[in-house]
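Just so you know, the sequences run in chain order G and X. Take our numbering: the final residue in the first sequence is number 306, and no numbers are missing along the way. Take our numbering: the final residue in the second sequence is number 306, and no numbers are missing along the way. For glycine and all other residues, C-beta sits at the position ideal for the given N, C-alpha and C. Working notes, beginning with the structure itself.
There are 2 protein chains.
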Amino acid sequence: MAQVYERVALIGLGLIASSMFWAMKRGGLAGEVTGFARSPETRETAREIGLCDVVYDDIHDAVRGADLVVLCVPVGVMGSVMEQISGSLKKGATVTDVGSVKRDVINNVMPHLPEGVQFVAGHPLAGTEHSGPRSGFAELFDNRWCLLVPAEGSDPAATAQLRKLWEGIGSNVEEMDADHHDRVLAVTSHAPHLIAYTMVGVADDLRRVTDSEVIKYSAAGFRDFTRIAASDPTMWRDVFLSNKDATLEILGRFTEELFALQRAIRQGDGAHLHDYFTRTRAIRRGIIEAGQDTDEPNFGRGNGSNT
Amino acid sequence: MAQVYERVALIGLGLIASSMFWAMKRGGLAGEVTGFARSPETRETAREIGLCDVVYDDIHDAVRGADLVVLCVPVGVMGSVMEQISGSLKKGATVTDVGSVKRDVINNVMPHLPEGVQFVAGHPLAGTEHSGPRSGFAELFDNRWCLLVPAEGSDPAATAQLRKLWEGIGSNVEEMDADHHDRVLAVTSHAPHLIAYTMVGVADDLRRVTDSEVIKYSAAGFRDFTRIAASDPTMWRDVFLSNKDATLEILGRFTEELFALQRAIRQGDGAHLHDYFTRTRAIRRGIIEAGQDTDEPNFGRGNGSNT
Chain G
0 MAQVYERVAL IGLGLIASSM FWAMKRGGLA GEVTGFARSP ETRETAREIG
50 LCDVVYDDIH DAVRGADLVV LCVPVGVMGS VMEQISGSLK KGATVTDVGS
100 VKRDVINNVM PHLPEGVQFV AGHPLAGTEH SGPRSGFAEL FDNRWCLLVP
150 AEGSDPAATA QLRKLWEGIG SNVEEMDADH HDRVLAVTSH APHLIAYTMV
200 GVADDLRRVT DSEVIKYSAA GFRDFTRIAA SDPTMWRDVF LSNKDATLEI
250 LGRFTEELFA LQRAIRQGDG AHLHDYFTRT RAIRRGIIEA GQDTDEPNFG
300 RGNGSNT
Chain X
0 MAQVYERVAL IGLGLIASSM FWAMKRGGLA GEVTGFARSP ETRETAREIG
50 LCDVVYDDIH DAVRGADLVV LCVPVGVMGS VMEQISGSLK KGATVTDVGS
100 VKRDVINNVM PHLPEGVQFV AGHPLAGTEH SGPRSGFAEL FDNRWCLLVP
150 AEGSDPAATA QLRKLWEGIG SNVEEMDADH HDRVLAVTSH APHLIAYTMV
200 GVADDLRRVT DSEVIKYSAA GFRDFTRIAA SDPTMWRDVF LSNKDATLEI
250 LGRFTEELFA LQRAIRQGDG AHLHDYFTRT RAIRRGIIEA GQDTDEPNFG
300 RGNGSNT
């Protein structure tokens, strides 16, 4: 694969940035990759494992001369990081991000965007429940979607070049407007995460009653919720606060449906429950056909090897 | 391993029965295994794939002479199946089941238990989102829990023998009383399943609005919910109707917590959200330490190979 950018700067060195780094190296997509993380421990770890060609202690050194700057920080601080680096950006550079919310990020970043620099927001739909510089791997984005949301009035050439990078990283790329992105993600990701967090929190309260049985007998269902609810707390706090309206709207619909199903249970309305569960089963087939998950049994963990 | 029962009858030939069969064969735990399923198609499939040594078209033939009869049917029909086979059971036989609810099953089965036959209820905590005779595999129960709930006044020797079978199948066995079982499972399995079904149902409604985007961009979170919500509709309908009180109680607590988190989002209370998410993350560690799941990234699906 051909080089797409001469110099790329990764700001924030967690799961996404480290996976991007290994994928860019795998594909020979960047001449040099610089990195910066706020925490000295993270920078130390990055240097130790060879994450980035150079890790700088000063964020300005990391972005200076970069053709592409990737903001891999929680969405709640995107604006202030942009404000901080604004004066050190090269003319003609592109800034992008990897946040899970787009309208709020664009609103917070754009006021600090210097003349002659493009902002093309981005969101790779990939992740694991692990975080930190050691959690990345080159294959994370392979065959997953990356959604690009070009800021109004940005240069289409900047978007085209960024698309080339993400395709080289392994992703399928689509463009979308910010509000639409935030509504779709509220359904497919944000509301489900809050629900999983809630259920695990309820179990935690009960654990004090039933000793360790909730953990000991954690079956499929709850066990899968705990994976989701193990995701990074700072990232998710920011997601919910930044995509407040869409998330609350979906949660409102969710509560409505849940009440209807609770009533069906209370009234012994088996037909209602059976119809509902048959309908949801069909969605699963759609997802497998869309190539977004595996059909392997036992949640792809291998046959019963969960030891 | 030594043979535990001379003759075992499996009633209902889905995921659990077929996995039990392959595990019993693997371990040489039963002399002969007979089988029965209500549907002719299922019996035909079972014969085709060698599931059971003999598959009978008549349930009475299947249980006649069996030392152990395993009821692998939805919990809503356990009582009527027991009533049906009652007259054909061998004196000295043990009857068990594999249902996800225990109080209701015991209440429905016991009135039909003939003199000289023992009932020891059982619940293997294992499963996948697949169902039917082809979905079983010998390793399903390896290192998973199997909870035994001996009926009041049953012979401890019957429980001891059944325990030996499940240990031979690969499970860790514990005894528990029925009400306690149903409360623990409401938290770890029943409420989470209803919640997953609900969220997927909400998305299904919205899909009509956003075309196929909900499926196309199904990220971690929702994707995992769809797996849970792909489970067998009849089985789960019966679970909710049979464990009504405990499930509704947990759902009540869940709704309470969800409202508190929704309020925190609405009010922008980031500290509350961050604390909550940090607390739930710790539960995940407990489950991994308890050996009930793998710590592999990307939900154990392998690195990005979700194609």
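Spell out the partners DSSP gives G/L147 in its beta bridges. DSSP links G/L147 through a beta bridge to G/G121, G/E174.
Assuming X/K243 contacts G/I264 under a Cβ cut-off of 8 Å, what Cβ separation, rounded to an integer in Å, is found between them? 6 Å
So, under 8 Å CB-CB, G/F140 and G/S18 are touching, yes? Tell me the CB distance rounded to an integer number of Å. 7 Å
Does the contact criterion of 3 or more C-beta pairs under 8 Å hold for the stretch 23 to 34 of chain G versus the stretch 183 to 191 of chain G? no
Should G/I50 and G/G34 be called a contact, given that it needs their Cβ atoms to be closer than 8 Å? The question names Ile, but residue 50 of chain G is Leu in the sequence shown. Contact: yes.
So X/Y4 is in the beta strand (DSSP E); what residue range does that whole segment cover? Bounds of the beta strand (DSSP E) holding X/Y4 are 4 to 10.
Among G/T246, G/E40, G/L12, G/A281, whose alpha-carbon lies nearest the alpha-carbon of G/V97? G/L12
Beta-carbon gap between X/L161 and X/G121 smaller than 8 Å: yes
Taking just the CA atoms, how far does X/I84 sit from X/H59? 6 Å
Cβ atoms of G/I286 and X/I214: under 8 Å apart, would you say? The answer is yes: Cβ separation under 8 Å.
Apart from the five residues on each side of it in sequence, which residues of its chain come closer than 7 Å, Cβ to Cβ, to X/D178? R102
Could you check whether the stretch 148 to 159 of chain G touches the stretch 107 to 119 of chain G, counting it as contact only if at least three pairs of C-beta atoms, one from each stretch, sit closer than 8 Å? Touching, yes.
Beta-bridge partners of X/L257, as assigned by DSSP: In the DSSP output, where bridge partners are listed per residue, X/L257 has none listed.
Spatial distance of G/W235 from X/R278 (CA atoms): 13 Å
So what's G/A65 in DSSP terms, helix, strand or just coil? coil
Identity of the residue in X/L88, X/H271, X/T41 nearest X/R133 by Cα: X/T41
How would you list, in chain order, the residues of chain G whose beta-carbon sits under 7 Å from the beta-carbon of X/D229? Asp is not the amino acid found at residue 229 of chain X; the sequence shown has Ala there. The answer, in chain order, is R280, R283.
Residues near X/G126 by beta carbon distance below 8 Å, same chain, minus five either side: L14, I15, L139, S230
Name, going along the chain, the residues of the stretch 19 to 37 of chain X whose beta-carbon falls closer than 7 Å to a beta-carbon of chain G. none
Among X/K89, X/G64, X/R46, the one whose alpha carbon lies nearest that of X/D56: Of the listed residues, the one whose Cα sits closest to X/D56 is X/R46.
Could you work out which residue in X/A61, X/V7, X/S79, X/I249 is closest to G/D203 when comparing CA atoms only? X/I249
Going along the chain, which residues of the stretch 108 to 125 of chain X sit with their C-beta nearer than 8 Å to a C-beta in chain G? L124, A125
Contacts that X/I48 makes with chain G (C-beta to C-beta distance below 7 Å): Simply none; closest approach about 15 Å.
Within 10 angstroms of its Cβ, does G/I282 collect 16 or more other Cβ (buried), or is it exposed? buried
How big is the Cα-Cα spacing for G/A270 and X/V69? 27 Å
Where does the unbroken beta strand (DSSP E) through G/V94 begin, and where does it stop? 93 to 96
Would G/F258 be called buried (16 or more neighbouring beta carbons within 10 Å of its own) or exposed? exposed
Under 8 Å between beta-carbons, which chain X residues line up against G/L164? List them in chain order, please. Against chain X, the beta carbon of G/L164 has no neighbour under 8 Å; the closest one sits roughly 17 Å away.
Test: G/E212 CB closer than 8 Å to a CB of chain X: For G/E212, the answer is yes, since a Cβ of chain X falls inside 8 Å of its Cβ.
With DSSP as the reference, label G/F35 as helix, strand or coil. The DSSP-derived three-state label of G/F35 is strand.
Applying a beta-carbon distance threshold of less than 9 Å, which residues of chain X neighbour G/R252? V201, D204, L205
8 Å Cβ cut-off: residues of chain G touching X/V94: Neighbours of X/V94 on chain G: none; closest Cβ ~24 Å, over 8 Å.
Spatial neighbours of X/E5 within its chain, please: CB distance less than 6 Å, with the 5 preceding and 5 following residues excluded, ordered by chain position. Annotation for X/E5: G30, D66 place their beta carbon closer than 6 Å to its own, counting only its chain and skipping 5 residues before and after.
Under 8 Å between C-beta atoms of G/V104 and G/V80: no
At a CB-CB cut-off below 9 Å, which residues of chain G make contact with X/K101? The contacting residues do not exist; X/K101 stays about 13 Å from chain G at best.
Within the 8 Å Cβ cut-off, does G/G220 reach chain X? Yes - at least one Cβ of chain X is within 8 Å of the one on G/G220.
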